[in-house]
Structures are given as structure tokens and as C-alpha cells.
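Here the structure is laid out as C-alpha cells; the discussion comes afterwards.
Number of protein chains: 2
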Amino acid sequence: MTMGRPQPQDVSAVTCLGAGPIGAGWAAFFLATGHDVTSWVLEAEEEEKLRSLVATAWSSLEQLGTTEGASPGQLHVTTDLAAAVAGADFVQESVPEILEVKQAVYADLGRLAPPDVVLCSSTSGLSMSDIQALCPSPERTVTGHPFNPPYLMPLVEIVAGRRTDPDAVAWTAEFFRHVGKAPLVMDREVPGFIATRLQEAIWREALHMIAAGEATVEQIDTAVTNGPGPRWALMGPCMVFHVGGGEGGMAYCLEQFGPALKFPWSRLDAPELTDDLARRLIDGCDAAAPGEDFRTLSAKMNEGLVGVLKARREAGF
Amino acid sequence: MTMGRPQPQDVSAVTCLGAGPIGAGWAAFFLATGHDVTSWVLEAEEEEKLRSLVATAWSSLEQLGTTEGASPGQLHVTTDLAAAVAGADFVQESVPEILEVKQAVYADLGRLAPPDVVLCSSTSGLSMSDIQALCPSPERTVTGHPFNPPYLMPLVEIVAGRRTDPDAVAWTAEFFRHVGKAPLVMDREVPGFIATRLQEAIWREALHMIAAGEATVEQIDTAVTNGPGPRWALMGPCMVFHVGGGEGGMAYCLEQFGPALKFPWSRLDAPELTDDLARRLIDGCDAAAPGEDFRTLSAKMNEGLVGVLKARREAGF
């Protein structure tokens, strides 16, 4: 335990709020990374459910490898918020997605948590500018949105609220990187952040196809898991096209498939493929794979796909 | 070699048209499944490129496991279309995506290939109704659209043209299932089929976000590979939400997140969530996982994710 905001690598005590799958998932994750974890729950009866969720998560975490000495036994559970955060070096809040509930919790947290300690919200749909409204120390509140299950998925989307101090954002990103997550710091609050928006786009197109009788649930799922899915576990949509473009990369790809943006291949209207947008895409891919030519990237993609396909087979998919 | 259309499991000689990544990828795949493969190329000079693509594919195929006795040495290459298809039990065409080129090829194939042998097109953007227009035996022409690279990705989207015989469609699906692919038979020709439409929806939302300065190329890719990507390698968007709904499954999920369809979480307008659409989703998920409860599905998903995450790590991602 340190007073105030420690260095990200010196965080020892983590407090997790909430006994649902997200709150419990975070508790399991921080236990696996060797932290002392205190979970705050609203009602004492929630402790059993929380510990059961942590135990389930633990078997997956052990397979991926936990920090030496890490143990689910390091979990402390309390219904006393003041006691829960008194010694915290970091707080991850995962209470219900109801603005009034979150605002009330941050009003208390801002008063009870040690000064400067970062208060991080798992919110998936609310904005930190709203959540921090009643917090007496809003400058240290940050959104850190995990992807479910938080103990397995690397993504954490990090976004500031209007009154958040940029230092708190930078600290949060460094902390999550230190514990092995893939922090994604956004420049502004966008509804649904990034991952949920992309997921929602595919979901809406799927709903349209099912509603129109063009595809069934089974066909939608088969198409994704046996088509683009395994690639997206390895490279995102931009790098997939960069590699798909062969030696010419993204530039060639845009030249070849740019016109397809005019095709009715999705119900989502495409933006104009301006020179500026094309430049951002090409430069972005070059920056993402500096000095790696098509052959290297393509061989790496194939090696990854073989591993992913084998892993699927072994897990009975 | 058999005359006419053999039983799917009796196919011995496969003819692949085209020396590009798709045509060569198919050649490699059918070699790995123990077939005699003849590749037809337009110019003799293409043989070297073709063999080099097959060799690259072979190293991945070997890691996944090839049929006993399979060898890239079984590949015959010719520029003579009549000779290429004379002994074929099945033809997979992957010539350039230019309607006039495909139509001319099918005019010849319909005349030259043994009667009833299925002529299957890798087309990603054209409709079989158009491709088969000049073919003297259109009833045996079928679209079999693979996902790149065709030697690794299981998906093959199978669609009939207007004049295709339903028996040819059923035969094609059974054949691809027999060789280990995941055939997806569509009821009608939809532009972009299913996988490309879903991929295009995510791509368009990504382009909008990049154009609006809401996300960078790197952020888009990080969000997918560390968020929904690894799950989509295992379960499609519908099953992911079915499992995400906990004990209540898809029905609970629609109740909870249905209203989110009204949120501006993607630029694609959502369809109305009618009772009929909800019913199709719920029934579809139940049919996809008959008798498997939340705990079983969730444990399977986690086991798969651990494998996929380990596979990514081992491949250097």
C-alpha cells in the first residue's frame, strides 16, 4: 500500500467494485497479476456468487499463466465502501450501468479513496463526463472499458471525461500496459467507444440479413467463425486488407476495392474515399508494420491462422 | 477418374482454373486432401508463380495435417483447357473477376468438361446467374466462394444461379463438407454473399471513424484483435450474444440490449426489433446449441479463448 497515486508498476492493492461478471472478472484478473484485491459488494450475500465467478475465471487464468504466488485466496470482500478503498492504489468500478447509481458511487469514492488514486470505470455505455458530475475529485476519474470476459480479453478502452486530468489518463494506460492489457487511449468520448461500434455495425447488418430472410442465425455465425473471424483474432480490418493487397499493400487494396464501397455490400453507407482518408489508411498500415514486407506479414498471418485453427479444433469447435 | 458426376466422396481428379492466389490456393488445398490436381493457366509462364504459391501454402497445410500420400508433386499444369478438364471429377474456377472473361470460360467449360461434372466459381462479387449466361450446360454451374486464403479458411459460400439445378448445389455442399470445408448454402443470390457483407459493415464503420478523426488505423485494429476478434474465431455474433446473455441466453440479451439498437453506436441504422425477428434470433441460437446450457457454452468459449490467445502469443502476435 502506498499513499496517493503510486507509480503504475508499484500498485499493490487494487479495489474492485461490483459482484457481477465484470466486477468479479476484474477481481480475478488482478489476483492473477499478483495484486491484493478487495472487492466491494452491495450486499453480503453477493460474496458467494462473486467467489464462484472468480473460481471459474481462475481455471482459465491458470492456463494462460499467473504471476508467481498469485492466489484467489488473496481476495478480501466487504460491504463497507470506506474500508474497501482506504488502502487502495487503484480502483476499478463495475457497478450497474445506471447513471444515477454511478454518480452516487463516484460522489462517495471521490471523498473516500486516497487522494490522487485513479478511479476507473468499466462503463460500456455511459460517458465519464456524466459519471464524474457529482465527484468531488473528478480529475482522477477515467473510463477503462474492458471487453468481456475482462480476465481474458486484452482490450481496455481508456477515455477521459471533460474534467479528467490528462495525467490520470496517461497513468491508467501505463498501468494497464504494465499488467499485460492492451490499453487503447481514445482522444474523445464517442458513443460505444471503438470496439462496441465495430461490433454493433456487424450486428446490425446481421439483423438486417436475418430480418430480410437473406441469412439465418446459423449462416451468420458460420460465415464469421469460418471466414473473417480467425483473421480478426490476429490482425484488424485494416491490416487484413494491407496484407490482402499483396506487395502493394493498403494502397493497392484501396485502388482495387475502393470502388466496392459503392456496391450494396452492406446497408451502411460508406464515406467518400477522399485522398485524405486514403492517406490515413496507407500511412496507418505502414506505421503498424514498419519495415515488414508482404511476405513477412503474410507468413506471420498464416502461422497465426494455423495456430488459431488448431486451437479451435482442440477446444472442440 | 470417373465419367460424369461421381459421388462426392469418390472425386479423385480436380481441375483448378487460374494461377492467382485463389486458384493456386485451391490447387494446394485439393493436393493436401489427396486429390490429383490439374491447374489450367492462361500462359505457360504462369506455372512458376503458381508452383511457388502452392509451395508457400504447403508449409501451412502440412502443419494442419494433410491426407496420407498427399504431395505437391501431384500437380499437373497445362495451358490447354480441353486437356485440363477432360478427366475432371470437379472443376473449381478462379479466373479474373471480369464478367466477360468468366462468361467466355463457362461457354468453353460447359462444352469441354465431362457431362454433369460440377463447375464451381470462386467469384466474390459476380452473380452465377450472369456468369452462366453463355454456358451450354448452366444447370451444373454453382458459386463456391472461398475465404482467403482458400487453403486455410474453412468457409465456402455456395449459391445457385437462376438456371442451376438444386442437385448440383446439394452435391457441391456435400463435396466441400467431405473435404473438410465449412459449406454455407445460401437460398438466394445476395450481393457480397454473407461473410463479405458482414466484413464490409465493419470496414465501413471503421472508415467513418477514421474519416471523422474518432479513431486511427492502429486503434481500429487494436480494438478488434484484442476485443471481439478472438471470440469471432470461435463463435459468431449471434452465439457470442447468446452466451453473453448468461442463463437467459439470446432472449435475455435482446431484452437488455435491444434498446441499444436505438443508440448511435454505429452509423448503420438498425432494423426494427420485431417479435418475429426476436423469435428467429432466439430459435436460431437454441438450434445452434441444442441442449447446451450457459455454463457448458461459456466454459467451452473460455477454453477456446485460452487456446486462441496462446496460439497468437506463440505466433508472435
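Residue numbers (my numbering), protein chains in the order written: chain X, 1 to 317; chain Y, 1001 to 1317.
Note that the Cβ used here is the ideal one computed from N, Cα and C, for glycine as well.
For the pair H1076 (chain Y) and R1111 (chain Y), the Cα-to-Cα distance works out to about 22 Å. For secondary structure counted as the beta strand (DSSP E) over 3 or more consecutive residues, the region 165-247 of chain X holds these complete runs in sequence order: 182-185. Of the candidates X:K181, X:D130, X:R140, X:W171, X:K181 places its Cα closest to the Cα of P150 (chain X). Boundaries of the alpha helix (DSSP H) harbouring T296 (chain X): 294-314, taken from the DSSP string. Here Q1092 (chain Y) carries a strand assignment [DSSP, helix/strand/coil]. Rounded to the nearest whole angstrom, the CA to CA distance from A1233 (chain Y) to P1154 (chain Y) is 11 Å.
In this chain, the beta strand (DSSP E) harbouring C120 (chain X) covers 118-121. Nearest to T1143 (chain Y) by C-alpha distance, out of Y:A1024, Y:R1280, Y:M1128, is Y:M1128.
Listed along chain Y, no residue sits closer than 7 Å to P150 (chain X) by beta-carbon distance, the nearest being about 11 Å off.
Where W1265 (chain Y) is concerned, there is no enclosing beta strand (DSSP E), because DSSP gives it neither an H nor an E. Under the three-state reduction of DSSP output, P1146 (chain Y) falls in the strand class. Under a 10 Å Cβ-count criterion, G1069 (chain Y) is classified as exposed, with fewer than 16 other Cβ atoms of the shown protein chains found around its own Cβ. Partner residues in the beta bridge of W1040 (chain Y), as assigned by DSSP, are Y:L1017, Y:T1078. Between C1016 (chain Y) and S1071 (chain Y), the gap from beta carbon to beta carbon reaches 8 Å or more.
Leaving aside the five residues that flank F1176 (chain Y) on each side, the residues in its chain whose CB is nearer than 6 Å to its CB run, in chain order, V1156, P1183. From the listed residues X:G73, X:A57, X:T141, the smallest Cα separation to K102 (chain X) is found for X:T141.
Ranked by how close their Cα comes to the Cα of H145 (chain X), the residues X:G192, X:A251, X:D116, X:G213 have X:G192 in first place.
In the three-state scheme derived from DSSP, where H, G and I count as helix and E and B as strand, E68 (chain X) is classed as coil.
Residue environment for I98 (chain X): exposed (fewer than 16 other C-beta atoms within 10 angstroms of its C-beta). Any Cβ of chain Y closer than 8 Å to the Cβ of D275 (chain X) would place that residue at the interface, and such an atom is absent. From the listed residues X:S52, X:A19, X:A32, the smallest Cα separation to L42 (chain X) is found for X:A19. The beta carbon of T33 (chain X) sits closer than 6 Å to those of T67, V179, all from its chain and outside the five residues before and after it, given in chain order. CA-to-CA, the gap between S1121 (chain Y) and I1158 (chain Y) works out to about 9 Å. Shown here for K1049 (chain Y): same chain residues with a beta carbon closer than 7 Å to its own, the five before and five after excluded, namely A1019 in chain order.
Per the C-alpha coordinates, the member of X:A57, X:W40, X:A251, X:A206 positioned closest to G284 (chain X) is X:A251.
When C-alpha distances from C1135 (chain Y) are compared across Y:I1022, Y:L1152, Y:E1100, Y:V1169, the shortest belongs to Y:E1100.
With the rule of 3 Cβ pairs closer than 8 Å, the region 1206-1221 of chain Y does not count as touching the region 212-227 of chain X. Between T1216 (chain Y) and chain X, the shortest Cβ-Cβ separation is below 8 Å.
For the region 1015-1032 of chain Y, residues whose beta-carbon sits nearer than 9 Å to a beta-carbon of chain X comprise P1021. Between M1235 (chain Y) and V1224 (chain Y), the beta carbon gap of about 15 Å keeps them out of contact (Cβ cut-off 8 Å). Residue burial is scored here from C-beta neighbours: G25 (chain X) has at least 16 other C-beta atoms within 10 angstroms and is therefore classed as buried.
Among the residues facing chain X, I1158 (chain Y) is not included, as its CB has no counterpart in that chain under 8 Å away. Taking a Cβ-Cβ cut-off of 8 Å, the neighbours of D221 (chain X) in chain Y comprise M1235, G1236, P1237, C1238, M1239, A1288, given in sequence order.
S1266 (chain Y) is positioned such that its CB atom lies closer than 8 Å to that of E1205 (chain Y).
Under DSSP, no beta-bridge partner is assigned to I1022 (chain Y). The secondary-structure analysis by DSSP pairs T1056 (chain Y) with nothing; it has no beta-bridge partner.
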